[in-house]
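Worksheet: the structure to be examined is printed underneath.
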Amino acid sequence: MKSFKFGGFKPSSLFGPKPDAPRPSLPSPSTPRPPANPAGPRDGFETPGGTRPRGLFGGPSQRPNADVTPEFTSNPMNFAGNNVLNGYNMFPTGRPEGVTLPTPQRPFVPANQSVVSLNVNQNQGNSHLTATPAGGPGTQAHYLHYLSTGAGRFAGLEGVPLHPRPNEPSMVVTGPLNGCAVHTMHNSNNNTMSVIHHADYSKNGDAELDAFLAQNPNLRLAGSVKPSDYAHSTGVGRVETGATSFLHYDRPPNGGQGQWTMVTQLNDWKNGGTGAGTRPELGRPQNLPTPWVQTTPLDLP
């Protein structure tokens, strides 16, 4: 599925160099960076623990440590164009609470068992996504979990409404992508949307996805974000860019039928965090061959 690029401008003509902080070709000795082949989990679900970004629509919010949840949820694409999103260590207790998690034997979780309260707070130039049990402060969203390669390739949600009612979640969030993919699918059995986090897609993902679809003929691919969309070398001796990806349902002002869209923001590491349970600090990449925020309209009824 083709990804539509956000904005339609040539990056060099609009921004010049495009870092969250100006990133040298070689990392500063005082700023640790992840190794070329980071050990441990590849995505941001179990990861132990400057200059503000310049956005597509003006500058980011200038309120350090502020709760910017309303700004994010009112216009997610605009917010992503102006602020570096950070979904690492999303859960305050270190593990998802209040949701059913997938297993290799049961990779799909019912959408109504995946709801969390999502909040966004600014800290050190990043906008941190935090998920707590449903019904609390923040906006209600579906949480898409991740199973590492050793546990299973696929973790998914099923039964997400194609057109959520005003009192239903209108967002799907997942952890950062570093070699994985996210697929959205139309389920013809019940006319709903399924979403899959596909572990380590960069290794053998095309064949695995083809086999999965052959085994599940009721599922039709509606759109994907893959490593080829977000992983780019951005400097000498640096790891490839990762991404923060989420889905949201755009409700038209007149109350008519809306549309799900996948938004993917590319990011780079600035440092790896300061201790167990802390989040790495992310930055806006430079020298990208594509815009740093990409959108994928989904082929859904």
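The numbering of the sequence shown is the UniProt record's numbering, which starts it at 1 and goes up by one.
Note that CB positions come from ideal geometry on N, CA and C, so glycine has one too.
For residue i, is the classification buried or exposed, using 16 other Cβ atoms within 10 angstroms of its Cβ as the cut-off for buried?
i, result
"residue 210", "exposed"
"residue 229", "buried"
"residue 215", "exposed"
"residue 294", "buried"
"residue 74", "exposed"
"residue 138", "buried"
"residue 207", "exposed"
"residue 53", "With a pLDDT of only 31 at residue 53, under the threshold of 50, the placement of this residue in the model should not be trusted; the figure read from the coordinates follows. It is buried - the Cβ of residue 53 has at least 16 other Cβ atoms within 10 Å."
"residue 227", "buried"
Taking residue i and residue j to be in contact with their CB atoms under 8 Å, please state how far apart those CB atoms are, rounded to whole angstroms.
i, j, result
"residue 142", "residue 96", "Not really, about 12 Å apart at Cβ, beyond 8 Å."
"residue 175", "residue 77", "The Cβ separation is near 20 Å, so there is no contact."
"residue 115", "residue 134", "4 Å"
"residue 256", "residue 250", "Not really, about 11 Å apart at Cβ, beyond 8 Å."
"residue 94", "residue 117", "No, residue 94 and residue 117 are not in contact; Cβ-Cβ is about 17 Å, not under 8 Å."
"residue 104", "residue 151", "6 Å"
Kindly list the residues whose CB is nearer than 6 Å to the CB of residue i, restricted to its own chain and excluding five residues on each side of it in sequence; keep chain order.
i, result
"residue 172", "142, 144, 195, 247"
"residue 270", "281, 283"
"residue 288", "232"
"residue 101", "145"
"residue 71", "79"
"residue 132", "117"
By the three-class DSSP mapping on this structure, what secondary structure does residue i have?
i, result
"residue 249", "strand"
"residue 90", "coil"
"residue 80", "helix"
"residue 200", "coil"
"residue 298", "coil"
"residue 211", "helix"
"residue 143", "strand"
"residue 156", "strand"
"residue 97", "coil"
"residue 110", "strand"
"residue 71", "helix"
"residue 138", "coil"
"residue 227", "helix"
"residue 242", "strand"
"residue 54", "Per-residue confidence for residue 54 stands at a pLDDT of 29, beneath the threshold of 50, marking its modelled position as unreliable; no derived number is given."
"residue 283", "strand"
"residue 23", "Low confidence applies to residue 23: its pLDDT is 28, below 50, so where it sits in the model is not reliable enough to give any reading."
Do residue j and residue i come within 7 Å of each other at the CB atom, strictly closer than that value?
i, j, result
"residue 243", "residue 205", "no"
"residue 108", "residue 156", "yes"
"residue 177", "residue 127", "no"
"residue 223", "residue 192", "no"
"residue 254", "residue 218", "no"
"residue 129", "residue 87", "yes"
"residue 186", "residue 220", "yes"
"residue 268", "residue 241", "yes"
"residue 225", "residue 202", "no"
I'd like the list of long-range same chain contacts for residue i, defined as Cβ closer than 7 Å, with 5 residues on each side in sequence excluded.
i, result
"residue 292", "18, 265, 266, 284, 285"
"residue 164", "170, 249"
"residue 199", "146, 147, 148, 149, 153, 180"
"residue 168", "161"
Can you give me the Cβ contacts of residue i inside the same chain, cut-off strictly under 8 Å, excluding the 5 residues immediately before and after it?
i, result
"residue 68", "61, 79, 83, 120, 121, 122, 127"
"residue 65", "121, 122, 123"
"residue 301", "162, 186, 191"
"residue 112", "159"
"residue 234", "23, 240, 241, 268, 285, 286, 287, 288"
Does any CB atom of chain C fall closer than 7 Å to the CB of residue i?
i, result
"residue 208", "The structure shown contains no chain C; it is built from a single protein chain."
Would the beta-carbon of residue i be found less than 6 Å away from any heavy atom of the ligand FMN?
i, result
"residue 161", "You won't find the ligand FMN in this model; it holds no ligand whatsoever."
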